[in-house]
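Everything on this sheet refers to the single structure shown next.
Protein chains: 2
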Amino acid sequence: MPRKPRKGDVAADEAVYGAIRRAMHMGRLAPGTKLQEPALARVLGVSRERVRKALHRLVHEGWLTAIPNRGTFVPSLTVEEMREIYDVRSMLEAAIVRRLSEGHTTAAAKRLKAHVAEEKAATRRDDRGRLFELSGEFHVLLAELCGNDELTRLLRGLLTRSTMHFSLAAPRQLTNCAGPHEHGDIAEAIIGGKADRAAKLMLVHLAGLVTLQAGHPPEQKPVDLAEAFRDIEGKPVREAIGRRIRNA
Amino acid sequence: MPRKPRKGDVAADEAVYGAIRRAMHMGRLAPGTKLQEPALARVLGVSRERVRKALHRLVHEGWLTAIPNRGTFVPSLTVEEMREIYDVRSMLEAAIVRRLSEGHTTAAAKRLKAHVAEEKAATRRDDRGRLFELSGEFHVLLAELCGNDELTRLLRGLLTRSTMHFSLAAPRQLTNCAGPHEHGDIAEAIIGGKADRAAKLMLVHLAGLVTLQAGHPPEQKPVDLAEAFRDIEGKPVREAIGRRIRNA
DNA sequence: CTCCATCAGGATGTGCACATTTCTTGACGT
DNA sequence: ACGTCAAGAAATGTGCACATCCTGATGGAG
Chain A
416 MPRKPRKGDV
426 AADEAVYGAI
436 RRAMHMGRLA
446 PGTKLQEPAL
456 ARVLGVSRER
466 VRKALHRLVH
476 EGWLTAIPNR
486 GTFVPSLTVE
496 EMREIYDVRS
506 MLEAAIVRRL
516 SEGHTTAAAK
526 RLKAHVAEEK
536 AATRRDDRGR
546 LFELSGEFHV
556 LLAELCGNDE
566 LTRLLRGLLT
576 RSTMHFSLAA
586 PRQLTNCAGP
596 HEHGDIAEAI
606 IGGKADRAAK
616 LMLVHLAGLV
626 TLQAGHPPEQ
636 KPVDLAEAFR
646 DIEGKPVREA
656 IGRRIRNA
Chain B
416 MPRKPRKGDV
426 AADEAVYGAI
436 RRAMHMGRLA
446 PGTKLQEPAL
456 ARVLGVSRER
466 VRKALHRLVH
476 EGWLTAIPNR
486 GTFVPSLTVE
496 EMREIYDVRS
506 MLEAAIVRRL
516 SEGHTTAAAK
526 RLKAHVAEEK
536 AATRRDDRGR
546 LFELSGEFHV
556 LLAELCGNDE
566 LTRLLRGLLT
576 RSTMHFSLAA
586 PRQLTNCAGP
596 HEHGDIAEAI
606 IGGKADRAAK
616 LMLVHLAGLV
626 TLQAGHPPEQ
636 KPVDLAEAFR
646 DIEGKPVREA
656 IGRRIRNA
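Listed in order, the protein sequences are those of chains A and B.
With the numbering used here as the guide, the letters of the first sequence map in order to residues 416 to 663.
With the numbering used here as the guide, the letters of the second sequence map in order to residues 416 to 663.
Here it is as structure tokens:
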């Protein structure tokens with residue numbers, strides 16, 4: 416299985432894809448913003464087809480909304496849609512913590528503890544950017560510990576769509592989850608084997624996030640594309656590495 | 416919001432997409448088959464870019480596997496991947512039937528009963544094709560009754576990937592679920608409000624499907640594309656109608 | 001003054017042609 | 001005889017140019 420990268424390679428695709436996602440993640444692109452292909456191609460310094468492909472992919476993944484012959488837009492999640500996503504997450508994550516509570520390796524417990532410790536450290540440093548990342552990764556970690564790749568992929572998609580609201584609507588409040596101590600409690604219940612308690616804590620945790628998000632309606636403001644993508648394109652693509660091609 | 420269809424329109428895209436999916440659904444395309452773009456374009460009578468777009472979409476949805484600079488292939492699901500998919504389904508669907516058991520409208524109960532009745536009718540007629548469809552739709556129906564669109568979308572994707580194995584590996588056995596009576600029992604438990612029983616029945620049901628599929632390893636045989644797509648392209652696109660564009 | 005029709009400008013969608021890569025076939029050397 | 005390498009052919013990936021459609025503005029009619 417040769418994997419020779421070419422000159423421009425698919426890395427260019429990933430770069431464009433990652434640049435747009437990062438801009439959204441950083442709250443540069445307000446809901447309702449139209450992402451027009453020529454402007455993006457000019458700003459990012461790539462061909463229009465590259466931008467096209469990336470936009471189509473983002474649309475398919477639910478990050479952007481496309482209207483035929485009109486263009487692609489940054490979606491404004493309604494409260495109802497958000498509630499639905501968290502509802503599905505509740506179903507999945509309650510089952511996940513239940514399963515982990517009923518049986519997990521010592522290595523798993525170690526990773527959980529380490530993650531919670533890292534979150535606490537970030538909290539002490541008041542490093543809200545890092546804490547934002549860690550808070551999301553906690554939920555992915557739980558899925559990973561189940562050893563089911565399909566589950567991990569699915570939950571990751573759900574989670575990114577969940578955190579999109581924070582990124583887009585309330586970029587100021589970089590408090591992804593209501594605080595690391597809730598994660599700590601959940602981890603403790605899992606390690607202690609208390610399935611019911613872990614599930615209940617997770618449900619309360621997610622419910623809290625919903626009310627937290629519902630309290631911060633998205634702020635509509637126009638955005639200049641050139642400004643939004645300033646010092647973005649060069650950085651390495653981090654979040655795309657979980658999205659590899661499936662090889663039979 | 417105007418919706419003027421053009422001459423060829425997006426319907427052509429959907430037609431190509433649907434044709435390939437239908438061919439897979441009918442077991443015409445064996446696992447490992449390479450879908451090369453020029454041949455498909457010639458067979459379906461459309462331009463190569465149309466085929467390209469459809470293939471990319473199918474790859475992204477998990478129906479096909481793409482290898483850069485090599486082409487797109489019909490995947491051969493391993494037993495492990497299949498088990499993972501059913502594992503996720505177990506988590507979600509157990510939660511679904513629990514929720515429905517704890518509260519549902521009379522209209523919901525009516526739809527459930529009607530569906531089970533239709534399955535029994537198809538069984539009596541020995542209409543295995545129709546039963547195959549209905550068996551899948553039963554699980555989607557449960558998700559729909561929860562009133563959560565996100566959940567419905569997600570489960571539909573999982574389900575199509577589950578049934579892919581039947582379509583590809585064992586097209587002969589058109590018994591999607593082990594029999595409508597299991598669906599009937601689940602529906603009965605839901606309507607009766609027995610959450611634990613409904614959840615347990617669902618878990619047993621899904622576990623049974625896994626063992627059923629694991630017993631039928633995929634049969635590898637080369638396929639002629641022109642033969643696989645005979646009397647396919649003209650038919651109306653049925654399964655694509657649930658995949659509309661998201662409009663903000 | 002308001003409303004509608006018409007038209008220019010720009011953006012999206014599509015087909016085409018070329019560059020690049022990979023697979024196959026055949027010959028050559030060991 | 002087998003393995004290796006090279007050259008041709010075919011398929012994939014990409015950029016370009018044109019067709020089609022939407023949007024906003026301008027001018028005329030009521």
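Note that the Cβ used here is the ideal one computed from N, Cα and C, for glycine as well.
All figures in this text were calculated on a predicted structure; none of them were measured in a lab.
Query: First through last residue of the alpha helix (DSSP H) which encompasses alanine 481 of chain B; Result: Segment 480–482 is the beta strand (DSSP E) holding alanine 481 of chain B; no alpha helix (DSSP H) there.
Query: For leucine 450 of chain A: DSSP bridge partner residues; Result: A/Thr487
Query: When B/Asp611, B/Gly608, B/Leu616 are compared against aspartate 600 of chain B, the one with the closest alpha-carbon; Result: B/Leu616
Query: Reference arginine 500 of chain B, options B/Val619, B/Gly562, B/Leu570, closest by Cα; Result: Correcting the residue type first, residue 500 of chain B is isoleucine in the shown sequence and not arginine. It is B/Leu570.
Query: Same chain only: Cβ atoms within 8 angstroms of glutamate 534 of chain A, ignoring 5 sequence neighbours per side; Result: Leu546, Leu549, Ser550, Phe553, Pro595, His598, Gly599
Query: Close Cβ partners of glycine 657 of chain A (< 7 angstroms) along its chain, the five nearest in sequence each way excluded; Result: Low confidence applies here, because glycine 657 of chain A scores a pLDDT of 34, under 50, leaving its location unreliable and the question unanswered by this model.
Query: Buried or exposed by the 16-neighbour rule on C-beta atoms within 10 Å, applied to valine 531 of chain B; Result: buried
Query: Alpha-carbon spacing of arginine 465 of chain B relative to glycine 518 of chain A, whole angstroms; Result: 49 angstroms
Query: The alpha helix (DSSP H) enclosing arginine 504 of chain A, as first and last residue numbers; Result: 494–517
Query: Nearest candidate by alpha-carbon position, reference lysine 525 of chain B, set B/Met441, B/Glu603, B/Asp639; Result: B/Glu603
Query: Contact residues within the region 458–473 of chain B, judged by C-beta distance below 9 angstroms to chain A; Result: Lys468, His471, Arg472
Query: Residue-level contact to chain B via CB, aspartate 541 of chain A, 8 angstroms cutoff; Result: no
Query: Buried versus exposed call for threonine 448 of chain B [16 or more other C-beta atoms within 10 Å across all chains shown]; Result: buried
Query: Of the residues B/Asn563, B/Gln451, B/Ala445, the one placed nearest glutamate 495 of chain A, counting alpha carbons only; Result: B/Asn563
Query: Endpoints, the alpha helix (DSSP H) within which threonine 406 of chain B is located; Result: No answer is possible for residue 406 of chain B: it lies beyond the span of chain B, which begins at 416 and ends at 663.
Query: Proximal residues to alanine 610 of chain B (C-beta, below 7 angstroms), its chain only, five neighbours per side dropped; Result: Arg513, Ser516, Glu517
Query: Beta-carbon gap between leucine 557 of chain A and methionine 506 of chain B smaller than 8 angstroms; Result: no
Query: Cross-chain neighbours of aspartate 564 of chain A in chain B, by beta carbon under 7 angstroms; Result: Glu499
Query: Isoleucine 605 of chain B versus threonine 521 of chain B: straight-line alpha-carbon distance, rounded; Result: 12 angstroms
Query: Any non-hydrogen atom of the ligand MN within 7 angstroms of arginine 472 of chain B CB; Result: Only the bare structure without any ligand can be found here, which leaves the ligand MN out of the picture.
Query: Residue nearest to methionine 441 of chain A in terms of C-alpha spacing, selected from A/Ile482, A/His471, A/Thr578, A/Val474; Result: A/Thr578
Query: Proximity test, Cβ basis, 8 angstroms: leucine 556 of chain A and chain B; Result: no
Query: Residue environment, alanine 529 of chain B, which counts as buried when at least 16 other CB atoms sit within 10 Å; Result: exposed
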